[in-house]
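First residue of the sequence shown? That's 38 in the numbering used here, and the numbers climb one at a time after it. Glycine is no exception: its CB is placed at the ideal position from the N, C-alpha and C atoms.
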Amino acid sequence: MSFDAMIEAATAAFKQNLDAFCQTTPVTRLTPEAAETVAAGLTQALGAAGVVGYRAFLEAFETPAPVVEVDGQRFRFKHVSPKEFLTPFGPMVLARRLYQNASDTVSHVPLDAAWGMEGHYMAPAVREAVLYACAHLTPEETAAVLGKCGLCHPQPTAIKHALEHVGAALREHKEALDARLRTAERAPQETVTLAGSLDGTTVLLNEPGVKRGRRPRETREAPEAKASSTSWRNAVVGTVSFYAAREAPDKPAPRLQTRYVARMPEEDSPTVKAHFEAELAAAQLQAGPRVDKVLILDGAVALWHYVEHAPAFDGYAKIVDYWHAAEHLAGAADAVFGKGTPEARAWYERYATALLERDDGARRVQRSIRYYMTCGRLSKAAREAVADELRYFSRNGPRMRYAEFRRRGWPIGSGPVEAACKSVVKARLCRSGMRWSRAGGQRILDLRTYVKSQ
38 MSFDAMIEAA TAAFKQNLDA FCQTTPVTRL TPEAAETVAA GLTQALGAAG VVGYRAFLEA
98 FETPAPVVEV DGQRFRFKHV SPKEFLTPFG PMVLARRLYQ NASDTVSHVP LDAAWGMEGH
158 YMAPAVREAV LYACAHLTPE ETAAVLGKCG LCHPQPTAIK HALEHVGAAL REHKEALDAR
218 LRTAERAPQE TVTLAGSLDG TTVLLNEPGV KRGRRPRETR EAPEAKASST SWRNAVVGTV
278 SFYAAREAPD KPAPRLQTRY VARMPEEDSP TVKAHFEAEL AAAQLQAGPR VDKVLILDGA
338 VALWHYVEHA PAFDGYAKIV DYWHAAEHLA GAADAVFGKG TPEARAWYER YATALLERDD
398 GARRVQRSIR YYMTCGRLSK AAREAVADEL RYFSRNGPRM RYAEFRRRGW PIGSGPVEAA
458 CKSVVKARLC RSGMRWSRAG GQRILDLRTY VKSQ
């Protein structure tokens, strides 16, 4: 097509609107208020020109045919149907030719179909801005931000409709969409280690549950269970991280990139597990066969049971996050020597260093804990607490070979997934007063994982 008509229409609209503004807005001297007023006038003229030019561009592709055929079905022209669309320049009313089939039961608008706007109010660029913003903000906040800095001013209700529409499309097509995205992804060239992590964090659901009251101070009885209209459930987050080689033996490996998956609470989390495995497999192919592969989790028994029995993780080194191990070490120190005592601090520092630097660090920790359990100087409560910590270190000992892992240049902390629990889930879904349906929360998590994964 020739752009001449679009240029002429947009230029005329800009000049007309700016002329009208200048004639009604006298400015005799420069002040902050005058500059702001002129900027607003220019913005309004630009928006009007954009709408007129965009409409002229679209109308140039309108079909004059009395009959059109779509998927083997014939549609006859009925009438011109004006409809308002929200464009990047503001609202635009577009008169489109509407066609109907022989029984007048199905309508078809060729212009809407041609520019991908069947069933939509917002133009693609507006939808993208709205969805990106809603990954970070509520619909009301999104409307306010776009109202301040954009030419289009969508209302919160329209934004919610766009979210629902995209959420429905993602539920139907997410697997295919993710597969397309993975074909376009590339691993950073400097990658030498691929690390996967999973963790959980709670989300308040708009579903009935049990609310427990406070334990009465004067008794040791269990708190009374009460019905609640909401309930906290565990969402699951996964990270796939690419690491470069260490710059020096005493420095951690630089993290190059991280990709994210997240799922609202689900029994046994089958969806997020499948998604995580697919992301990890794709990253492994992209990084190549020579990279080292590690899984870093905290001490959650259920997660370790899953990764130890899933074939997708064959060939991965299994690592318990060092900082979780250090927390359990501190718990053992407090139980043996008393919380915050000099003896507890000294014992903790000694064995935290051994755990990190000695090849037999985990065994040294276990031997010391066993010694204090059998020395006969612990109360019953302290002995039970120490026994819990001993079980933790005994169960996870093979996953605590931190000296070896560090020599290999591998990360030993699950910091990326710990941060993701906060940045992907908590920061958006757990603001004051928020409660979610599973479908509504998943719409936001899908957007946030796409945004966070770049």
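The beta-carbon separation of residue 232 and residue 306, rounded to 20 Å, does not stay under the 8 Å limit for a contact. In terms of Cα proximity to residue 489, the closest of 464, 115 and 303 is 464. Counted as a single uninterrupted DSSP element, the beta strand (DSSP E) harbouring residue 129 occupies residues 127-137. Put simply, the region 321-332 touches the region 343-361. At least three CB pairs are less than 8 Å apart.
Per DSSP, reduced to three states, the secondary structure at residue 118 is strand. Residue 317 and residue 169 have their alpha carbons spaced roughly 25 Å apart. The region 441-452 makes contact with the region 218-236: 3 or more CB pairs, one atom from each, lie closer than 8 Å. If the five residues before and after residue 313 are omitted, its C-beta is found closer than 6 Å to the C-beta atoms of 275 and 298, all from its own chain and listed in chain order. Here residue 350 carries a helix assignment [DSSP, helix/strand/coil]. Around the beta carbon of residue 162, fewer than 16 other beta carbons sit within 10 angstroms, so the residue counts as exposed. Taking 8 Å as the cut-off, the beta carbon of residue 242 is found closer than this to the beta carbon of residue 475. The bridge partners DSSP lists for residue 268 are 242.
For residue 294, DSSP records a beta bridge to 279.
Secondary-structure assignment with DSSP links residue 329 through a beta bridge to 230.
Three or more Cβ pairs closer than 8 Å define a contact, and the region 287-303 falls short of that threshold against the region 194-213.
Between residue 290 and residue 280, the C-beta spacing is below 8 Å. Per the DSSP secondary-structure output, residue 106 pairs in a beta bridge with 111. Bounds of the alpha helix (DSSP H) holding residue 171 are 161-171.
Annotation for residue 59: the continuous alpha helix (DSSP H) segment containing it runs 41-61. Within the DSSP bridge table, the entry for residue 236 names 274 as partners. Burial state of residue 384 is buried, judged by a 10 Å Cβ sphere holding 16 or more other Cβ atoms.
Shown here, residue 449 sits in coil according to DSSP, grouped into three states, outside any helix or strand.
Around residue 179, the same chain offers 167, 170, 171 and 196 as residues with beta carbons nearer than 7 Å, after the five sequence neighbours per side are excluded. Contact between the region 140-157 and the region 209-220 is absent: fewer than 3 CB-CB pairs across the two stretches fall below 8 Å.
In summary, residue 164 is buried, with 16 or more beta-carbon neighbours lying within 10 Å of its beta-carbon over all protein chains present. Distance from the CA of residue 102 to the CA of residue 135, rounded to the nearest whole angstrom, comes to 11 Å.
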